[in-house]
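Working notes, structure below.
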Amino acid sequence: MAKFSPFLSSLETEKDQNKKCHVFSMKFYESMEKALSKALVENQFELYYQPFICFNTRKIVAVEALIRWNHPHWGLISPDKFIPIAEKSGLILPLGEWIIKQACLDIQEFLSYPLKLAINISPHQLQDTFFLRNMIKILQETKFYPQNLSLEITEGIFLENSTNVIKLMVKLKKMGISLALDDFGTGYAGLKYLNDKIVNIKKK
57 MAKFSPFLSS
67 LETEKDQNKK
77 CHVFSMKFYE
87 SMEKALSKAL
97 VENQFELYYQ
107 PFICFNTRKI
117 VAVEALIRWN
127 HPHWGLISPD
137 KFIPIAEKSG
147 LILPLGEWII
157 KQACLDIQEF
167 LSYPLKLAIN
177 ISPHQLQDTF
187 FLRNMIKILQ
197 ETKFYPQNLS
207 LEITEGIFLE
217 NSTNVIKLMV
227 KLKKMGISLA
237 LDDFGTGYAG
247 LKYLNDKIVN
257 IKKK
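As structure tokens, this is what we get:
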């Protein structure tokens, strides 16, 4: 029988563990992806609203829609656990569309006065060819004023396909929709870089 040194044995053990971890992560990803698809069909997602209060008037002037996954067995799941999987699998597109539509309906139904609604948008949504068309359709169906809608995006979107994204942003602004940079300063884009990109595209 062949004998191996403790060092080689430890390497084999580590390799074995890595394999097991890889298989586990793949199985976990696949099960989460299936669960996400099912969650969309069975309406397992819920929206919570974080208020923005004016310091002077002490009144709520806006709310931000925050999604949570209320799984029947796993309980309440925060977005940082499932959004990356939704983005990787492409499920972020129908999920993102649901968030926008449901949030617009909620604000219209439960509030009797105009309120600004902020929604986080994934870079994958902005790169979707049908995003603008779907946005127009949702606003028409929900009768939500575009002037009361603010889309929050991360600065990282400008580092890839920035020309198409900025063209889309210009069209959204013309509709009356506000745009805000979320977590600005955590990435590589600077104010001068963004301003130059926007100015150059508007000139074309």
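Each residue of the sequence shown is one higher than the last, beginning at 57 in this note's numbering. Ideal Cβ positions, reconstructed from N, Cα and C, are used throughout, including at glycine. If you're wondering where the values come from, they're calculated on a predicted model, not measured in any experiment.
Leu149 is a Cβ neighbour of Asp184, given a cutoff of 9 Å. Within the DSSP secondary-structure output, Trp125 pairs in a beta bridge with Phe101 and Ile133. Asn176 sits in a strand when the DSSP states are folded into three classes.
Check the Cα spacing between Ile155 and each of Ser234, Met88, Thr198 and His127: the tightest is with Thr198. For Leu237, the enclosing beta strand (DSSP E) starts and ends at Ser234 to Asp238. Boundaries of the beta strand (DSSP E) harbouring Thr210: Leu205 to Thr210, taken from the DSSP string. Residue pairing for Ala159: DSSP places it in no beta bridge.
Annotation for Pro107: Ile116 and Val119 place their beta carbon closer than 7 Å to its own, counting only its chain and skipping 5 residues before and after. Of the candidates Gly131, Val221 and Tyr201, Val221 places its Cα closest to the Cα of Phe186. By the Cβ neighbour-count rule, Gln203 is exposed, with fewer than 16 other Cβ atoms within 10 Å of its own. Buried is the label assigned to Met88, since at least 16 other Cβ atoms lie within 10 Å of its Cβ.
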